[in-house]
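Asker: With UniProt numbering, the residue at position 54 of the sequence shown is 54, and numbering never jumps.
Take a look at this one; I'll ask things after.
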Amino acid sequence: MSKSNTILYLDGVSVSFDGFRAINNLSLVLDKGEMRAIIGPNGAGKTTMMDIVTGKTRPDQGEVFFDGQVDLTKHDEAEIAMMGIGRKFQKPTVFESHTIEENLMLALKGPRSIFPALFHRRSVAEVRRIDDILGIIRLGDKRDELAANLSHGQKQWLEIGMLLAQDPKLLLVDEPVAGMTDAETEETARLLRDIARDHSVIVVEHDMHFVRELGVKVTCLHEGSVLSEGSLDFVSADERVVEVYLGR
Ligand SMILES: Nc1ncnc2c1ncn2[C@@H]1O[C@H](COP(=O)(O)OP(=O)(O)OP(=O)(O)O)[C@@H](O)[C@H]1O
């Protein structure tokens with residue numbers, strides 16, 4: 001299969017830990033601009049797959065390409081992040097004692113130290129970029145509030161905003177709606193759909209109501225490989241998916 005027009009291309013990828021194959025001949029292709037939902041039971045290999053993409057774990061075998069041509073197995077975590085793969089872990093890690101705007105400024109500045117990031121004069125371009133991100137993450141009216149005062153769901157949105165501030169091409173988002181209210185969950189689906197208009201996105205999630213709201217192609221992983229792939233209706237009707245995951 002051709003890699004051109006793909007943002008992520010995994011073919012025949014395997015990785016073992018102490019002889020146990022956590023990822024087993026996994027092939028998964030994400031087109032440029034696509035948003036994909038990844039589902040599957042505990043231990044299916046979802047986190048390990050993301051660890052391989054971000055360079056945290058090296059595969060024993062297989063091809064892992066980003067943006068059609070970059071061989072990710074030849075790069076380390078820091079290089080991969082710089083190339084434009086951003087990852088959001090499940091637990092929000094915002095700077096609680098800083099305002100929403102300061103959190104976004106820190107993210108815009110990336111690896112620079114906190115002091116200059118917070119106290120240098122904001123350029124017009126930076127202010128505009130922060131305005132855009134605040135709009136996308138539904139926190140436009142909370143700019144000067146402390147992050148500590150946000151709800152759990154809003155903290156998740158802020159962290160997604162911090163990811164956007166680094167201008168990634170591909171976002172990996174791990175269980176974004178765990179612990180959110182129903183209203184926040186639905187808003188998160190809309191928010192990610194907005195982001196997916198100009199980014200490629202992979203969302204790992206167990207909440208099937210949320211996955212339905214995303215309205216994208218679904219991949220179900222099981223024992224380190226793809227068990228089923230297609231629309232949510234197709235995947236949920238797959239007896240093997242019902243047996244190992246949905247029917248539980
Ligand atoms: N560093 C490691 N050392 C040993 N085993 C590991 C390691 N990382 C993952 N595993 C094993 O690999 C398998 C896949 O784990 P992984 O965390 O990728 O699954 P997951 O689909 O993300 O599950 P969950 O939904 O619970 O997050 C599991 O059996 C896990 O115990």
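Beta carbons: idealized from backbone N, C-alpha and C, even for Gly.
Would the region 17 to 27 count as touching the region 67 to 74 if we require 3 or more Cβ pairs under 8 Å?
Answerer: Short answer: they don't touch.
Asker: Reducing DSSP to helix, strand and coil, say where Asn103 ends up.
Answerer: Asn103 falls in the helix class under three-state DSSP.
Asker: Pairs of beta-carbons, one from the region 139 to 147 and one from the region 80 to 100, closer than 8 Å: are there three or more?
Answerer: Yes, the region 139 to 147 touches the region 80 to 100.
Asker: If we count the other Cβ atoms within 10 Å of its Cβ and call it buried at 16 or more, is Val204 buried or exposed?
Answerer: So Val204 ends up on the buried side.
Asker: State the start and end residues of the unbroken beta strand (DSSP E) segment that holds Met35.
Answerer: Its beta strand (DSSP E) spans residues Met35 to Ile39.
Asker: Would you kindly check if the distance between the Cβ of Glu63 and the Cβ of Gly140 is under 8 Å?
Answerer: Result no, Cβ atoms of Gly140 and Glu63 do not sit closer than 8 Å.
Asker: Exposed or buried, what is Asp167 when buried is set at 16 or more other beta-carbons lying within 10 Å of its beta-carbon?
Answerer: So Asp167 counts as exposed.
Asker: Please work out which residues of its chain come closer than 8 Å, Cβ to Cβ, to Asp31, disregarding the five sequence neighbours upstream and downstream, and give them in chain order.
Answerer: Excluding sequence neighbours, Asp31 sits near Asn5, Thr6, Ile7 and Ser200.
Asker: When a residue counts only if its C-beta is closer than 5 Å to some heavy atom of ligand 1, which residues count, in chain order?
Answerer: The filter returns Phe17, Ala22, Asn42, Gly43, Ala44, Gly45, Lys46, Thr47 and Thr48, in chain order.
Asker: Please return the same chain residues whose Cβ sits closer than 8 Å to the Cβ of Arg36, not counting the five positions on each side in sequence.
Answerer: Closer than 8 Å at the Cβ level, and outside the excluded window around Arg36, lie Leu30, Val201, Ile202, Val203, Val216, Lys217, Val218 and Thr219.
Asker: Short check: CB of Glu159 to CB of His206, under 8 Å?
Answerer: Their beta carbons are not under 8 Å apart, which means Glu159 does not touch His206 by this criterion.
Asker: Give me the Cα-Cα distance between Leu163 and Leu106, rounded to the nearest whole angstrom.
Answerer: Using only the alpha carbons, I get a separation of about 11 Å.
Asker: Alpha carbon to alpha carbon, how far is Arg58 from Val124? Give it in angstroms, no decimals.
Answerer: Each residue's Cα considered, the two are about 41 Å apart.
Asker: Between Val244 and Asp198, what straight-line distance do the alpha-carbon atoms span, to the nearest angstrom?
Answerer: So the alpha carbons of these two residues sit roughly 34 Å apart.
Asker: With Ile23 as the anchor, note down where its beta strand (DSSP E) starts and where it stops.
Answerer: First-last of the beta strand (DSSP E) with Ile23: Phe20 to Asp31.
Asker: Opposite Tyr9 in the DSSP bridges: which residues?
Answerer: The partner list for Tyr9 (beta bridge, DSSP) reads Val29 and Phe65.
Asker: Leaving out the 5 sequence neighbours to the left and right, which residues in its chain are closer than 8 Å to Arg112 when beta-carbon positions are compared?
Answerer: Interpretation of Arg112 is limited by its pLDDT of 49, a score under 50 that renders its predicted location unreliable; the figure taken from the coordinates is listed afterwards. If we look at Arg112 and ignore the five residues flanking it on each side, it has no Cβ neighbours.
Asker: Measure the alpha-carbon distance for Asp233 versus Glu213 and round it to whole angstroms.
Answerer: Straight-line Cα distance between these residues: approximately 12 Å.
Asker: Buried or exposed: which applies to Phe210, given that a residue is buried once 16 or more other Cβ atoms fall within 10 Å of its Cβ?
Answerer: So Phe210 counts as buried.
Asker: Once DSSP output is grouped into helix, strand and coil, what is the label at Gly86?
Answerer: Reduced to three states, the DSSP call for Gly86 is strand.
Asker: Would you grab the beta carbon distance between Arg138 and Glu187 for me? Rounded to a whole angstrom, and I think it's under 8 Å.
Answerer: At roughly 6 Å, the Cβ-Cβ gap stays under 8 Å, so Arg138 and Glu187 are in contact.
Asker: Rounded to whole angstroms, what is the Cα-Cα separation between Thr181 and Gly153?
Answerer: Taking the straight line from one Cα to the other gives about 8 Å.
Asker: Return the Cβ separation of Ser14 and Val226 in integer angstroms, given the expectation that the two are a contact with Cβ distance under 8 Å.
Answerer: About 13 Å; that fails the 8 Å criterion.
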